[in-house]
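Chemist:
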Amino acid sequence: MKTLLKVDGIHTHIGQYHILQGISFEAREGEVSVLLGRNGAGKTTTLKTIMGLTPASKGAVQFDGQEITKKATYTIANAGIGYVPEDQGIFGDLTVEENMKVAMRKEDEAAFARQDYVLGLFPDLKKFWKKDGGHLSGGQKQMLSMARAFVNDSKLLLIDEPSKGLAPIVVEKVMEAITEMKKSTTIVLVEQNFIMASRIGDRYTLIDDGETVHAGDMADLIRNEEIKRKYLGIG
Amino acid sequence: MKNKFQWNNLFLAIIVIVLAVFPLVSDSRTWTILLTQIFIFSILAMSYDILLGYTGIVSFGHAMFFGMGAYTTAVMLKRMEPTIGVFILSIVCGMLLAALISFFIGLMTLRLKSHFFAMLTLAVSGLFLVLAEKWRTVTHGNDGFTFKAPEFFKDRMMFYFVTLICLVLVYLLLRRFVNSPFGRVLVAIRENEQRTKSLGFNTLHYKVIASVVAGVIASLAGSLYAVSLRFVNTSVLTMDITLDALLMTIIGGVGTLIGPIVGAGVIELAQHYLSGLAKEYPIFERWIIFFGIVYILAVIFFPRGIVGTVREKFWKRKTKTRPLGKEEVS
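Chains as they are written, first to last, in the numbering used here: chain P, 753 to 987; chain G, 273 to 602.
Right, dumping it as structure tokens:
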């Protein structure tokens with residue numbers, strides 16, 4: 753299977769802090785790669801570094817065979833990477849419709865077809881089409897954030913903690929949507945909820961103190977009680 | 273939605289008609305001049321709203337573009353024939369100069385975080401002020417100079433109509449600009465610049481264009497202002513002009529376009545009446561203190577500005593929870 757994203761020994765500094773100290777992993781085309789680890793391990797910074805929001809000071813990121821390490825964020829996004837941040841990043845003063853339109857790189861038939869598809873995944877968004885993004889509930893914001901990333905024909909989606917702070921019933925909906933998205937795009941998912949991550953993940957990368965400490969097939973991790981206990985505090 | 277838009281347009285059309293008829297039925301020279309000033313400052317405040325209200329950029333140097341327009345028009349009308357042709361040419365030259373300067377300043381400074389940008393614009397604006405003070409052969413320094421306006425503007429009513437037409441045209445153009453996909457990206461930048469970048473937008477490119485548009489419109493306001501006074505001096509480049517634009521935008525309502533027009537009206541009228549009261553009541557000789565109180569009250573009772581608060585309370589609430597009809601999803 754083709755490697756779509758290759759992260760090779762990246763180091764990232766934020767101010768004086770050395771946050772990432774050697775993260776390496778690969779995301780293969782058509783798979784869901786899950787980044788696991790405790791709070792503050794460096795999962796979110798890894799996604800931000802891939803997007804160029806907190807540029808790497810060392811190491812390399814390759815996407816679809818091209819080096820993107822030093823590229824500007826908008827160039828990385830235009831290369832085909834969609835990003836759903838942890839804080840959802842909804843534009844509060846724009847309506848749901850305007851949020852979707854801003855996200856569309858091209859307002860063509862294909863984009864509107866994808867919009868219809870994504871509205872099928874998140875019918876709640878249809879109900880609040882003319883409502884300001886800032887007035888949506890946490891779950892609705894999460895849905896809108898994912899819908900915005902999916903409305904473009906992104907080759908890769910980076911999704912950061914989609915279940916964070918959401919009610920179980922909403923988490924279930926979000927998970928169903930990610931499972932649907934998985935059929936047509938490659939996903940790198942950051943998730944604290946191991947049960948959820950293990951349901952949709954194909955491969956995993958364990959991050960601890962800014963370093964990759966383990967990687968492999970999700971099926972192997974599900975059976976490995978020792979690693980789960982040591983790095984995730986479960987099992 | 274369409275209905276709301278039509279009512280909005282009808283309301284604005286009525287106001288424009290009333291303002292157009294006003295000088296024909298009233299022979300008050302004071303009111304004609306006061307309204308002309310309000311129109312000019314409305315144009316300036318709308319240009320500032322593009323920066324502050326739509327893009328989230330705080331500039332302390334907006335007066336430099338106002339001053340550029342004022343000086344370009346004043347110098348050209350003084351050194352060339354004071355004709356309508358030269359007046360129009362001077363407006364175009366002022367706009368081109370403002371576009372060029374705002375483009376380079378934007379390109380150099382808009383990469384910075386907002387507070388650094390604000391300080392740098394203050395510094396660059398200060399440089400232009402010093403230049404105007406020292407380049408006496410052209411600007412006559414702080415003393416400034418008078419010049420002749422085109423014959424056509426001898427009648428104050430004519431100039432009133434010209435400024436009203438400019439205000440309406442600028443409003444319509446800027447409304448189209450902010451309601452376009454480009455305008456939506458500006459709002460997105462204001463809301464969350466990092467997120468806008470990660471959606472694939474080169475935000476610097478958008479911010480520079482917003483800065484050029486704001487500079488060009490401010491230059492037009494400056495040209496009109498100079499002709500309204502038939503005089504120009506370095507006061508057009510001072511921080512006071514920028515602060516006026518900032519206050520008009522904040523008090524009227526940021527990110528609304530109509531707000532800055534209302535703000536300009538409120539501030540110009542308040543200045544006129546409070547300073548006028550000093551003739552009868554000595555306490556109003558310190559009218560600037562009362563003016564400060566008006567600002568404080570406005571910010572307390574209208575935190576989103578007059579228009580922003582009115583919209584929030586009486587207008588948006590009705591649309592917030594309106595579910596989408598099937599036909600509206602494309």
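Just so it is clear, CB atoms sit at the ideal spot from N, CA and C, and this is done for glycine as well.
Between THR796(P) and THR764(P), how many whole angstroms is the CB-CB distance? I'm expecting something under 8 Å.
Modeler: About 11 Å separates the two Cβ atoms, so there is no contact after all.
Chemist: Among residues of its own chain, excluding the 5 on either side of GLY761(P), which ones have a beta-carbon nearer than 8 Å to its beta-carbon?
Modeler: Excluding positions up to five away in sequence, the list reads GLY774, ILE775, SER776, LYS810, GLY811, ALA812.
Chemist: Count the other CB atoms, across all protein chains shown, that sit within 10 Å of the CB of GLY789(P); report buried if there are 16 or more and exposed otherwise.
Modeler: Under this definition GLY789(P) is a buried residue.
Chemist: Quick check: what's the CA-CA separation for PRO914(P) versus VAL942(P)?
Modeler: Cα to Cα, the separation comes out at about 8 Å.
Chemist: Roughly how many angstroms lie between the CA atoms of VAL410(G) and TYR478(G), to the nearest whole one?
Modeler: The alpha-carbon atoms of VAL410(G) and TYR478(G) are separated by roughly 35 Å.
Chemist: I want to verify the contact list: residues of chain G whose CB lies under 7 Å from the CB of LEU805(P), in sequence order.
Modeler: Result: GLN466, SER470.
Chemist: Give the range of the alpha helix (DSSP H) segment to which ILE986(P) is assigned.
Modeler: No alpha helix (DSSP H) holds ILE986(P); DSSP gives it neither H nor E.
Chemist: Under the rule that 16 or more other beta-carbon atoms within 10 Å means buried, what is GLU540(G), buried or exposed?
Modeler: Per the 10 Å Cβ criterion, buried.
Chemist: Whole angstroms is fine: what's the gap from ALA831(P)'s alpha carbon to ALA421(G)'s?
Modeler: Near 56 Å, if we compare the C-alpha coordinates of ALA421(G) and ALA831(P).
Chemist: Are the CB atoms of VAL870(P) and ALA460(G) nearer to each other than 8 Å?
Modeler: No. Outside cutoff.
Chemist: With which residues is ALA967(P) paired in a DSSP beta bridge?
Modeler: Partner(s): THR957(P).
Chemist: Report the partner residues of SER785(P) according to the DSSP bridge assignment.
Modeler: Answer is VAL940(P), ARG955(P).
Chemist: State yes or no: is the beta carbon of GLY767(P) nearer than 8 Å to at least one beta carbon in chain G?
Modeler: No, GLY767(P) does not count as interfacial toward chain G.
Chemist: Tell me the rounded alpha-carbon separation between LYS585(G) and VAL571(G).
Modeler: In a straight line, the C-alpha of LYS585(G) is about 16 Å away from that of VAL571(G).
Chemist: Near GLY886(P), what residues of its chain come up, given a Cβ to Cβ distance below 6 Å and the 5 sequence neighbours on each side ignored?
Modeler: Once the five neighbours on either side are set aside, the close Cβ partners of GLY886(P) are GLY844.
Chemist: Going by CA-CA distance only, name the one from MET803(P), GLN892(P), LEU756(P), GLY792(P) that's closest to SER785(P).
Modeler: Checking every option, the nearest Cα to that of SER785(P) belongs to LEU756(P).
Chemist: By Cβ distance, which residues of its chain are closer than 8 Å to ALA292(G), with the 5 residues on each side in sequence left out?
Modeler: Closer than 8 Å at Cβ, skipping near neighbours: PHE433, LEU436.
Chemist: What did DSSP end up calling LYS592(G) once you bin it into helix, strand or coil?
Modeler: Residue placement at LYS592(G) cannot be trusted, given a pLDDT of 45 that sits under 50; the coordinates are not used to answer.
Chemist: I need the DSSP call for HIS1028(P), collapsed to helix, strand or coil.
Modeler: Chain P is shown from 753 up to 987; residue 1028(P) falls before or after that span and cannot be answered.
Chemist: By a C-beta neighbour count over all protein chains shown, 10 Å radius and 16 as the cutoff for buried, is ARG228(G) buried or exposed?
Modeler: For chain G, the structure presents residues 273 to 602; residue 228(G) sits outside this window and is missing.
Chemist: Please determine if the stretch 516–531 of chain G and the stretch 356–375 of chain G are in contact, where contact requires at least 3 C-beta pairs separated by less than 8 Å.
Modeler: Output reads no: the stretch 356–375 of chain G does not touch the stretch 516–531 of chain G.
Chemist: Relative to chain G, which residues along the stretch 927–957 of chain P have a C-beta separation below 7 Å, given in chain order?
Modeler: Correct list: empty, as no residue qualifies.
Chemist: Which residues in the same chain as THR591(G) place their Cβ atom closer than 6 Å to its Cβ, once the five residues preceding and following it in sequence are excluded?
Modeler: Note that THR591(G) scores a pLDDT of 45, beneath 50, so its modelled location is shaky; the value from the coordinates is reported in the next line. If we look at THR591(G) and ignore the five residues flanking it on each side, it has no Cβ neighbours.
Chemist: Between which two residues does the alpha helix (DSSP H) carrying TYR826(P) extend?
Modeler: Its alpha helix (DSSP H) spans residues 825–830.
Chemist: Are the stretch 322–340 of chain G and the stretch 297–313 of chain G touching, with three or more C-beta to C-beta distances below 8 Å?
Modeler: Segments in contact, no.
Chemist: Between PHE473(G) and chain P, is any beta-carbon pair separated by less than 8 Å?
Modeler: Interface residue, yes.
Chemist: Please name the residues in the stretch 807–824 of chain P whose beta-carbon is closer than 8 Å to at least one beta-carbon of chain G, in chain order.
Modeler: The residues in question are ALA824.
Chemist: Output, in chain order, the set of chain G residues within a Cβ distance shorter than 9 Å of VAL854(P).
Modeler: Simply PRO453, ARG456, VAL457, VAL459, ALA460, THR468, LEU471, PHE473.
Chemist: Which value, in whole angstroms, describes the spacing of the CA atoms of THR931(P) and GLY564(G)?
Modeler: Rounded to whole angstroms, THR931(P) to GLY564(G) spans 59 Å at the Cα level.
Chemist: How many angstroms separate the CA atom of ASN280(G) from the CA atom of GLY782(P)?
Modeler: Computed Cα separation, rounded: 50 Å.
Chemist: Just checking, does the stretch 488–502 of chain G make contact with the stretch 334–342 of chain G on the three C-beta pairs under 8 Å criterion?
Modeler: Verdict: yes, contact present.
Chemist: How big is the Cα-Cα spacing for ARG866(P) and LYS469(G)?
Modeler: Taking the straight line from one Cα to the other gives about 21 Å.
Chemist: Kindly identify the DSSP beta-bridge partner or partners of VAL759(P).
Modeler: DSSP lists PHE777(P), VAL813(P) as partners of VAL759(P).
Chemist: Applying a beta-carbon distance threshold of less than 9 Å, which residues of chain P neighbour GLU463(G)?
Modeler: Within 9 Å Cβ-Cβ: GLY841, ILE842, PHE843, GLY844, ASP845, LEU846, GLY885, GLY886.
Chemist: Contact between the stretch 343–350 of chain G and the stretch 494–504 of chain G is defined here as three or more beta-carbon pairs at a separation below 8 Å; is this criterion met?
Modeler: Judged by Cβ distances under 8 Å, the stretch 343–350 of chain G makes contact with the stretch 494–504 of chain G, as three or more pairs qualify.
Chemist: List, in order along the chain, the chain G residues whose C-beta lies closer than 7 Å to that of TYR826(P)?
Modeler: Going along chain G in sequence order, the residues near TYR826(P) (Cβ under 7 Å) are LYS469, GLY472, PHE473, ASN474.
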